[in-house]
Amino acid sequence: MITDLNLLDEFATIFGLRPARMRGLGAIVAIAGPNGAGKSRLLRALSTMLRHHANPTLEAAQLRDQYLASEKSLEIVRTRPIQSRQDQQDLDDAIHSRDSTLAIYRAVEQINVQHPVTFSSHPQVAVVELDYDTSPGQFSNANDMKPADVDSAFNQTRSPGFSNAYKNSIGFLQTLAEVAQARKLEGLDGEPEEVMAFNKILTALTGHAVHFRMQKSKRRFVPWWKEREFMHGELSQGERILLAWAIVLHKQRQHLHASIVLIDEPEQHLHPAACVQALRGLRDVLGPEAQVWITTHALGIISYAGPEATYAMYDGLVQFAGSRLPALIQSLLGDDEQRAAFESLVASAERMALFEFSAQCLLAPRPVSARLDDPQEEQALEAILDGSDQRVLDFGAGRGRLAAALARSMEGQMSPNGPKTYVAYCDPQTQSASDTDECARNVALLNSTEVDASSTTTLPTSHFDVALLCNVLHEVHPRDWPRTLAAIAEHLNVDGHVVVMEDQEPTIGELPHPDGFIPLSATEIATLCGGVPPTSVRYKRSHRLSAFSLSRSAVLQATMQTTINTLRQVQTRSLSEVSDLRSSGITGYQAARHHATRAMIYVNASLALATLEKEVAAQPPFSQPSVPSPGLPTTDP
1248 MITDLNLLDE FATIFGLRPA RMRGLGAIVA IAGPNGAGKS RLLRALSTML
1298 RHHANPTLEA AQLRDQYLAS EKSLEIVRTR PIQSRQDQQD LDDAIHSRDS
1348 TLAIYRAVEQ INVQHPVTFS SHPQVAVVEL DYDTSPGQFS NANDMKPADV
1398 DSAFNQTRSP GFSNAYKNSI GFLQTLAEVA QARKLEGLDG EPEEVMAFNK
1448 ILTALTGHAV HFRMQKSKRR FVPWWKEREF MHGELSQGER ILLAWAIVLH
1498 KQRQHLHASI VLIDEPEQHL HPAACVQALR GLRDVLGPEA QVWITTHALG
1548 IISYAGPEAT YAMYDGLVQF AGSRLPALIQ SLLGDDEQRA AFESLVASAE
1598 RMALFEFSAQ CLLAPRPVSA RLDDPQEEQA LEAILDGSDQ RVLDFGAGRG
1648 RLAAALARSM EGQMSPNGPK TYVAYCDPQT QSASDTDECA RNVALLNSTE
1698 VDASSTTTLP TSHFDVALLC NVLHEVHPRD WPRTLAAIAE HLNVDGHVVV
1748 MEDQEPTIGE LPHPDGFIPL SATEIATLCG GVPPTSVRYK RSHRLSAFSL
1798 SRSAVLQATM QTTINTLRQV QTRSLSEVSD LRSSGITGYQ AARHHATRAM
1848 IYVNASLALA TLEKEVAAQP PFSQPSVPSP GLPTTDP
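Position 335 (the sequence shown) corresponds to 1582 in my numbering; numbering is contiguous.
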């Protein structure tokens, strides 16, 4: 493994690069940057450097031979008269080839003197370039291959290099078919060990194993993949590359182990998840002393490598990304607008799960067979609504995404099991006019259903069966929790209830008020309601999305004192979770995000508690703090 790389001045210039120093390199090095930045040239320079380091005498001899050959070619070209543009181009190319070879030869001498590469252990490591050479092989299917051709192809897949696996995959699979056929003829059950080992890798990459069936016309076994006879020419380019990846990881393990692997843009032709899966498989094969150098444009690969392994490249200069990582990501996405759109897309994908879950909570339970694959969803529906014909108030509806989700859920149903009435309330004090207009448009989508739907900026005087707070309560300042819940209760029937839905693990931080967001657990919301527990508690997505159903009488029990008690509980819980996480030794992105979220909730609860205790202390005895009517937050500011 290379731990330190120094791109020397003269050597870097030959490859169109600028001098640079890369320190503290690890098992993965990801080079990212726009087209023409020099990523591929950097890999070529590194390959030249490592080949010379592995065998300096042989490399020097080869470079000398290349120089002499280029000089001889130049002499031949110079003897020809220049009679056309092509003749001039041939002469220019010959001169460039001679000069480039000479420059590399002289630069290698610089390597001998200054030793620009530092290794973590023994420096005698193999260098493997897994370039995507996707030129076709000699044969298009196994029927055209003689036994000797099959044997030759199978043997070539052992040689290091991606192209060897890609061009000879037909012969490789046919050999496995013959091994399987021989086992069958011996009367043995099950698949041969080599077939099972290969299928384990292939299934991990593609989700499909290769099988073998008798081809009656040839009276021999042939490979079948994805429920059809294997024909290399019928596969997509991505399928061919993944198949070659599987062969590389299976047959070239010995050559790859403890080597330095160079891969130029592995995401070509591949689904991002499949590419990352292939890289993970490669890391397993390589072992701890190996190293993978990757050039890429793909954010998925950059996130896989991690910020500590990512280098940015611009105009031939490679630098540790570090604080430049935001600029690097933006350069890959485009301008500020494109980056903002991407961030919004990622955030929206997380939040859409909450809106879809909320929409499901407004639908009566469907027959179990219709949602056989999601019993948790059925439980949520049964717990939150007793049936259809409900009057629903969407309190703090924001842009009306819940209405849109509800319309999608009911679309195409012969007998929609939705609510009888749906009213989206948007608070004009906290919501822009454009967001309110968007809410009205989304609510209008329900017009094609049997729901009596409307949006309003004033709380209606009618009474409802259900008041839904989707991603709302955590944005209300705790001092206003009792007043807000009481205001909602005034618009509920006597046996009505409030459904509080929250994302317990928000992906994006927010500051809805000076003391920050505070999502409550089931125990804490019971404390807020004077010790009255929710009538139902349901979760989705591993307890990340919560839905607590509270009776009207319960929410009326919320007071300033129950709020203070609740905040103390939040403090205790979040501090305990932070302590448990630190003592567990668990690391990684998810753990770090969970730690940051819990730490922030602890701080927010502490600030809010201090605010409330100060306000209570400032009040005369036997009085309650007087606060203005709260502005209501939106679900999607």
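Ideal Cβ positions, reconstructed from N, Cα and C, are used throughout, including at glycine.
Chain-order list of residues whose beta-carbon lies under 6 Å from that of residue i (same chain, five-residue window excluded)
i       : result
Gly1563 : Gly1263, Leu1264, Arg1265 and Gly1285
Met1560 : Ile1278, Gly1280, Ala1284, Gly1285 and Lys1286
Asp1641 : Leu1649, Ala1671 and Leu1715
Ser1662 : In this predicted model, Ser1662 has a pLDDT of only 47, less than 50, meaning its place in the structure is not dependable enough to derive any value.
Glu1318 : Arg1345
Ile1329 : Gln1335
Ser1873 : For Ser1873, the predicted structure reports a pLDDT of 42, less than 50, and the residue's modelled location is therefore unreliable. A value from the coordinates is still provided. For Ser1873, where only same-chain residues beyond five positions count, there are no Cβ hits under 6 Å.
Leu1338 : Val1324
Leu1297 : Val1374
Arg1430 : Pro1439
Beta-carbon gap between residue i and residue j smaller than 8 Å
i       : j       : result
Asn1415 : Thr1404 : yes
Thr1782 : His1841 : no
Pro1729 : Ala1805 : yes
Ala1733 : Leu1792 : no
Ile1765 : Asn1694 : no
Leu1856 : Leu1822 : no
Leu1423 : Glu1441 : yes
Ile1261 : Ala1350 : yes
Thr1809 : Gly1777 : yes
His1502 : Val1375 : yes
Gln1818 : Ser1853 : yes
Pro1439 : Val1426 : yes
Glu1824 : Arg1845 : yes
Val1698 : Gly1665 : yes
Met1807 : Leu1859 : yes
Pro1573 : Ala1545 : no
Phe1468 : Phe1459 : yes
Phe1711 : Val1779 : no
Thr1696 : Thr1683 : no
Pro1407 : Gln1499 : yes
Nearest-angstrom beta carbon gap, residue j and residue i [assumed within contact, 8 Å]
i       : j       : result
Val1719 : Gly1643 : 4 Å
Tyr1379 : Gln1515 : 6 Å
Ile1916 : Val1539 : Residue numbering for the chain in the displayed model covers 1248 to 1884; residue 1916 lies beyond these limits and cannot be assessed.
Ala1700 : Tyr1669 : 5 Å
Ile1548 : Val1508 : With 8 Å as the limit, Ile1548 and Val1508 do not qualify as a contact, their Cβ atoms being about 14 Å apart.
Pro1513 : Leu1526 : 7 Å
Met1248 : Ser1410 : Not a contact, Cβ separation roughly 25 Å.
Nonlocal neighbours in the same chain, by C-beta distance under 8 Å from residue i, ignoring five residues either side
i       : result
Met1392 : Phe1386, Ala1400, Ile1417, Gly1418 and Gln1421
Leu1482 : Leu1490
Gln1484 : Thr1381 and His1516
Asp1251 : Arg1268, Met1269, Arg1270, Gly1271, Leu1272, Val1364 and Thr1365
Ala1292 : Leu1254, Phe1258, Ala1259, Ile1261, Phe1262 and Leu1264
In DSSP terms, what residue i is bridged to
i       : result
Phe1711 : Leu1739
Val1426 : In DSSP, Val1426 forms no bridge with anything.
Val1258 : A small fix is needed here, since residue 1258 is Phe in this sequence, not Val. None; Phe1258 has no bridge partner.
Ala1794 : Met1748 and Arg1785
Ser1701 : Val1670
Phe1468 : Met1461
Met1895 : This structure cannot speak to residue 1895, because the chain is shown only from 1248 to 1884.
Val1825 : According to DSSP, Val1825 bridges with nothing at all.
Arg1688 : Per DSSP, none; premise fails for Arg1688.
Arg1938 : Absent from the structure is residue 1938, since the part of the chain shown begins at 1248 and ends at 1884.
Nonlocal neighbours in the same chain, by C-beta distance under 7 Å from residue i, ignoring five residues either side
i       : result
Leu1496 : Ile1448, Gly1528, Leu1529 and Val1532
Leu1706 : Tyr1672 and His1738
Asp1511 : Ser1287, Leu1290, Asp1378 and Thr1542
Val1908 : Missing from the structure shown is residue 1908; the chain here goes from 1248 to 1884 and no further.
Arg1571 : Ala1559
Ala1493 : Phe1445, Ile1448, Leu1449 and Leu1452
Ala1736 : Arg1799, Val1802 and Leu1803
Check: residue i C-beta below 7 Å from any heavy atom of the ligand GDP
i       : result
Lys1861 : Absence of the ligand GDP from the depicted structure is noted, as is the absence of any ligand whatsoever, leaving it without description.
Residue environment, residue i, which counts as buried when at least 16 other CB atoms sit within 10 Å
i       : result
Ile1576 : buried
Val1713 : buried
Ser1656 : buried
Gln1866 : exposed
Ser1191 : The chain is shown only over 1248 to 1884; residue 1191 falls outside these bounds and no answer can be derived.
Lys1667 : exposed
Glu1771 : buried
Glu1685 : buried
Gln1678 : buried
Ala1723 : As written in the sequence, residue 1723 is Val, which differs from the Ala given in the question. Buried: at least 16 other Cβ atoms inside 10 Å.
Asp1762 : buried
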